[in-house]
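A.B. asks: Before I ask anything, here is the structure I am working with.
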Amino acid sequence: MASRNFYIQLIIRVLLLTLTAILVAFSLVEQWYFTFGFCVILLTLQVFSLISFINSTNRKIAYFFDAIRNEDFTLRFPERVTIKSFKELNQSLNRVNGLIQEVHLQLQIREQYYQEILKQASIGIMTYNEKGHIMFANPTLEKLLDYTPLNHIKQLLQVDENLYHIFKSFQPFERKLFQLSNEREQTQLALKSTPLTLDGQSLLLVVVQDIHKELDEKETESWVRLIRVLTHEIMNTITPIASISDSIIKYYRNNGKITPLEELEESQIKNTLKGLEVIKEQGGDLMDFVQSYRSLLHVPEPNKTLVKGKDLLEKIDVLMSARLQEGGSDFKVFCDPEDLEFFIDEKQIAQVLINLAKNALQSVGEIDNGRVIMAAGIDHNGTKYIDVLDNGPGISPEVMDEIFVPFFTTKSEGTGIGLSLSKRVMQLHGGGIQVRSVPYKETHFRLTFA
Numbered sequence: 001m002a003s004r005n006f007y008i009q010l011i012i013r014v015l016l017l018t019l020t021a022i023l024v025a026f027s028l029v030e031q032w033y034f035t036f037g038f039c040v041i042l043l044t045l046q047v048f049s050l051i052s053f054i055n056s057t058n059r060k061i062a063y064f065f066d067a068i069r070n071e072d073f074t075l076r077f078p079e080r081v082t083i084k085s086f087k088e089l090n091q092s093l094n095r096v097n098g099l100i101q102e103v104h105l106q107l108q109i110r111e112q113y114y115q116e117i118l119k120q121a122s123i124g125i126m127t128y129n130e131k132g133h134i135m136f137a138n139p140t141l142e143k144l145l146d147y148t149p150l151n152h153i154k155q156l157l158q159v160d161e162n163l164y165h166i167f168k169s170f171q172p173f174e175r176k177l178f179q180l181s182n183e184r185e186q187t188q189l190a191l192k193s194t195p196l197t198l199d200g201q202s203l204l205l206v207v208v209q210d211i212h213k214e215l216d217e218k219e220t221e222s223w224v225r226l227i228r229v230l231t232h233e234i235m236n237t238i239t240p241i242a243s244i245s246d247s248i249i250k251y252y253r254n255n256g257k258i259t260p261l262e263e264l265e266e267s268q269i270k271n272t273l274k275g276l277e278v279i280k281e282q283g284g285d286l287m288d289f290v291q292s293y294r295s296l297l298h299v300p301e302p303n304k305t306l307v308k309g310k311d312l313l314e315k316i317d318v319l320m321s322a323r324l325q326e327g328g329s330d331f332k333v334f335c336d337p338e339d340l341e342f343f344i345d346e347k348q349i350a351q352v353l354i355n356l357a358k359n360a361l362q363s364v365g366e367i368d369n370g371r372v373i374m375a376a377g378i379d380h381n382g383t384k385y386i387d388v389l390d391n392g393p394g395i396s397p398e399v400m401d402e403i404f405v406p407f408f409t410t411k412s413e414g415t416g417i418g419l420s421l422s423k424r425v426m427q428l429h430g431g432g433i434q435v436r437s438v439p440y441k442e443t444h445f446r447l448t449f450a
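In terms of UniProt numbering, the sequence shown has 237 at position 237, counting the first letter as 1, and numbering is strictly consecutive.
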């Protein structure tokens, strides 16, 4: 029923076309040349009219998609037409056009919303293509770099040449720290890159954050912790020295006068010698303490070479074998893939791993079925790592923030220099050391390498 009128008109047009064709043939036979010419013209017009009539739907749909492609949503098809099927088609096209227009409007609103978020973000954001053309740079970035507008990364040459070379050579998922100096201040910038693909075009998204304030706060916090530990250690050494010195002085001074030699007793002289020996011992401890501090400050630059991870871990396994014989703990090493290589100073990293392994074995020595695992591998971001895990008592949350502070220790015989020295070594390697601990379940140290 919907297309009945269409078929009726089509049948009428075909019948008229047939009659005209018969009339053309008849006039040609009768040699009615004027009639013949008129009928040929009429027949041609009818053919074109029929083709146009049949293709009207195709033209409407073609116009519709052309308008959509050009984002022209003003196109409207008449809905008051005599042919019912055309009327329904026009209504459907208008309805679809309205839906697409609504979706397009929502996308525009959402895009403006996201653009506003990026503009108001407290961190700098930039996207640029392989040719260096900047597709987007938010006001925060322009303020950080004190340059506007940003259209190409070559403009960064006017900000800082080194900064330009960082952006020029940036690799996906790379992180950089950069100190930007100008006439007013120095700014410490943290940069991180992420690859994007937009309309088949490869882009690089770079996030730039001013971490100067955070670094200042962290540095102050580190100094407070260090001074607290130094104060504790020095006071533990100085207090007995001061107390013993005061006692010795009393042997040789009475009411502000020097005690004559003939009045000195043998016991006083013996106590004096004992006191001096204790002072010497405490002074030696203080010197060792200072020497430990110097060792932390004078870590040599790494002499890096390619080292096979499997060979490195097997050496640690051999070194730890003697300790394993003393207790019943289990120590295992793994390397996956087996051909994994690290570009490191082998002696420095081996010392770090030995320190971590010793700490772990001491920890699990207090429990039954103690287990220590040392594993090397590559994470999903392509970062090489070495893990040291144990199921010992773990590290309490109260001291977790203190363990990397120099001279902080929870052991009666420890110097508190091991973990802080390990952290320093990893920093010199361009890597890091992280820790998390769930008591009596797992304590996990991870060394990451750039």
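Heads up, the beta-carbon is just placed ideally off N, CA and C, and yes, glycines get one too.
1. Go ahead and pull the three-state DSSP assignment for Leu-306.
2. For Tyr-114 and Leu-163, what's the separation of their Cα atoms in angstroms?
3. Within 10 angstroms of its Cβ, does Arg-436 collect 16 or more other Cβ (buried), or is it exposed?
4. Taking just the CA atoms, how far does Arg-80 sit from Ser-92?
5. Tell me, to the nearest whole angstrom, how far the beta carbon of Ala-21 is from that of Leu-43; I am working on the premise that it is less than 8 Å.
6. Run the CB neighbour count on residue 452, radius 10 Å, all protein chains shown included, and call it buried at 16 or more, exposed below.
7. Tell whether a beta-carbon distance below 8 Å holds between Pro-302 and Gln-348.
8. Gln-171 by DSSP, collapsed to three states: which one?
9. Classify Lys-384: buried if its beta carbon has 16 or more other beta carbons within 10 angstroms, exposed otherwise.
10. Could you give the DSSP three-state label for Asp-288: helix, strand or coil?
11. Can you give the Cα-Cα distance for Leu-273 and Ile-258, rounded to whole angstroms?
12. Please classify Phe-34 as buried or exposed, where buried requires at least 16 other C-beta atoms within 10 Å of its C-beta.
13. Contact defined as beta carbons within less than 8 Å: I believe Leu-28 pairs with Phe-36. What is the distance between those atoms, to the nearest angstrom?
14. Just verifying my parser: in three-state terms, what is the DSSP assignment at Lys-441?
15. Look at the Cβ atom of Phe-445, then the Cβ atom of His-429, and state whether they are nearer than 8 Å.
16. Alpha carbons only, please: which of Asp-317, Asp-285, Leu-204 and Asn-271 is nearest the one belonging to Ile-238?
17. Identify which residue in Lys-270, Met-235, Glu-262 and Asn-236 has its Cα closest to the Cα of Ile-248.
18. Just verifying my parser: in three-state terms, what is the DSSP assignment at Phe-38?
19. So, with DSSP's three-state summary, where would you put Phe-342?
20. Please work out which residues of its chain come closer than 8 Å, Cβ to Cβ, to Ile-344, disregarding the five sequence neighbours upstream and downstream, and give them in chain order.
21. Could you name the residues of the same chain whose beta carbon sits closer than 7 Å to that of Gly-309, not counting the 5 residues immediately before and after it, in chain order?
22. Could you tell me if Lys-168 is buried or exposed, where buried requires 16 or more neighbouring beta carbons within 10 angstroms of its beta carbon?
23. Can you tell me which of Pro-195, Leu-312, Gln-186 and Gly-200 puts its alpha carbon nearest to the alpha carbon of Asp-210?
24. In or out: Ile-12 buried (at least 16 other Cβ within 10 Å) or exposed?
25. Alpha carbons only, please: which of Leu-389, Tyr-440, His-152 and Val-352 is nearest the one belonging to Gly-431?
C.D. replies: Put simply:
1. Indexing the sequence shown from 1 puts residue 306 at position 306. In the structure shown, Leu-306 sits in a strand (DSSP, three-state: E or B).
2. Here residue 114 refers to the residue found at position 114 when the sequence shown is read from its first residue. Here residue 163 refers to the residue found at position 163 when the sequence shown is read from its first residue. About 27 Å.
3. Position 436 of the sequence shown, counted from the first residue, corresponds to residue 436. By the 10 Å Cβ count, Arg-436 comes out exposed.
4. Sequence index remark: in the sequence shown, residue 92 carries index 92 (1-based). Sequence index remark: in the sequence shown, residue 80 carries index 80 (1-based). Cα to Cα, Ser-92 sits roughly 13 Å from Arg-80.
5. In the sequence shown, residue 21 corresponds to position 21, counting from 1. In the sequence shown, residue 43 corresponds to position 43, counting from 1. Contact holds; Cβ gap of about 6 Å.
6. Coverage of the chain is limited to positions 1 through 450, which leaves residue 452 absent and any answer about it impossible.
7. Locating residue 302 in the sequence shown gives position 302, where the first residue counts as 1. Locating residue 348 in the sequence shown gives position 348, where the first residue counts as 1. It is a contact, given that the beta carbons lie within the stated cut-off.
8. As a position in the sequence shown, residue 171 is number 171, starting the count at 1. It is coil, neither helix nor strand.
9. Residue numbering aside, residue 384 sits at position 384 when the sequence shown is read from its first letter. It counts as buried.
10. To locate residue 288, count along the sequence shown from 1; it is residue 288. Looking at Asp-288 - three-state DSSP - the assignment turns out to be helix.
11. Looking up residue 273 in the sequence shown gives position 273. Looking up residue 258 in the sequence shown gives position 258. Approximately 18 Å between the Cα atoms of the pair.
12. The residue you call residue 34 lines up with position 34 of the sequence shown. When all chains shown are included, Phe-34 counts as exposed.
13. Numbered from 1 along the sequence shown, position 28 holds the residue referred to as residue 28. Numbered from 1 along the sequence shown, position 36 holds the residue referred to as residue 36. Correct: roughly 5 Å between the Cβ atoms.
14. Numbered from 1 along the sequence shown, position 441 holds the residue referred to as residue 441. Lys-441 falls in the coil class under three-state DSSP.
15. What you label residue 445 is simply residue 445 of the sequence shown in a count that begins at 1. What you label residue 429 is simply residue 429 of the sequence shown in a count that begins at 1. Cβ atoms of Phe-445 and His-429: not closer than 8 Å.
16. Locating residue 238 in the sequence shown gives position 238, counting from the first residue. It is Asp-285 whose Cα lies nearest to the Cα of Ile-238.
17. Here residue 248 is taken as the residue at index 248 of the sequence shown, counted from 1. Residue Lys-270 is the option with its Cα nearest to Ile-248.
18. The residue given as residue 38 occupies position 38 in the sequence shown. Helix, per DSSP.
19. The count along the sequence shown starts at 1 and reaches residue 342 at position 342. Strand at Phe-342.
20. As a position in the sequence shown, residue 344 is number 344, starting the count at 1. Here the set comprises Pro-302, Lys-304, Thr-305, Val-307, His-429 and Phe-449.
21. Taking the sequence shown and counting its residues from 1, one reaches residue 309 at position 309. These residues qualify, in order along the chain: Cys-335, Leu-340, Glu-341, Phe-342 and Ala-376.
22. Residue numbering aside, residue 168 sits at position 168 when the sequence shown is read from its first letter. Exposed.
23. Within the sequence shown, residue 210 is the residue found at index 210, counting from 1. For the residues Pro-195, Leu-312, Gln-186 and Gly-200, the minimum Cα distance to Asp-210 belongs to Gln-186.
24. Along the sequence shown, read from residue 1 onward, the residue named residue 12 stands at position 12. The residue in question, Ile-12, is exposed, as its Cβ has fewer than 16 Cβ neighbours within 10 Å.
25. As a working mapping, residue 431 is identified with position 431 in the sequence shown. Residue Val-352 is the option with its Cα nearest to Gly-431.
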